[in-house]
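Worksheet: one structure, shown below.
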Amino acid sequence: ESLESGVFRSDLPCAFKLDPAAFDRLIENVDRDLEFHVKTEGNGAKIEDVANFEKVRGELVEALAALRDAPERTENPRIYHLDVSAMYPNIILTNRLQPTAIVDRHDCASCDY
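In the working numbering, the protein residues as written are 1 to 113.
Here is the structure:
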């Protein structure tokens with residue numbers, strides 16, 4: 001029941017159908033997003049301060065392009081995702097899940113999850 005409600009576990013394979021156009025948009029915005037990350041995580045740092053920026057950027061674009069080029073895949077998820085809006089209240093109560101507090105972009109960017 002929980003799998004149908006948006007809980008993905010890293011030990012159970014799932015079939016995914018990805019939207020290639022979404023990965024094109026991510027690739028187009030990779031510089032903007034990395035700059036935001038460097039400023040947020042680096043306490044105001046600049047891209048020029050990152051020693052291996054081009055290497056990391058290249059690896060990221062390569063990974064995104066691989067996902068774009070193979071949109072239908074079956075694999076074990078690497079993250080846990082809780083789609084709370086799709087979950088029934090009894091599942092939320094059973095798993096003791098609580099909606100997250102309202103946060104700003106800075107808090108979201110610095111969150112490990």
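Glycine residues also receive a C-beta, built at the ideal position from the N, C-alpha and C atoms.
Report task. Have a look at glutamate 48 and aspartate 33 and give me their C-alpha separation to the nearest angstrom. Result -> 15 Å
**Report entry** Per-residue DSSP class, three states only, for alanine 101
**Finding:** Low confidence applies to alanine 101: its pLDDT is 47, below 50, so where it sits in the model is not reliable, and the reading given next is rough at best. Here alanine 101 sits in coil by DSSP.
Requested in this report: Decide if the stretch 17-37 is in contact with the stretch 51-60; the criterion is three or more beta carbon pairs, one per stretch, under 8 Å apart.
Outcome: yes
**Report entry** Simplified DSSP state of alanine 66, which is helix, strand or coil
**Finding:** helix
Requested in this report: Pick helix, strand or coil for arginine 73, following the three-state DSSP scheme.
Outcome: strand
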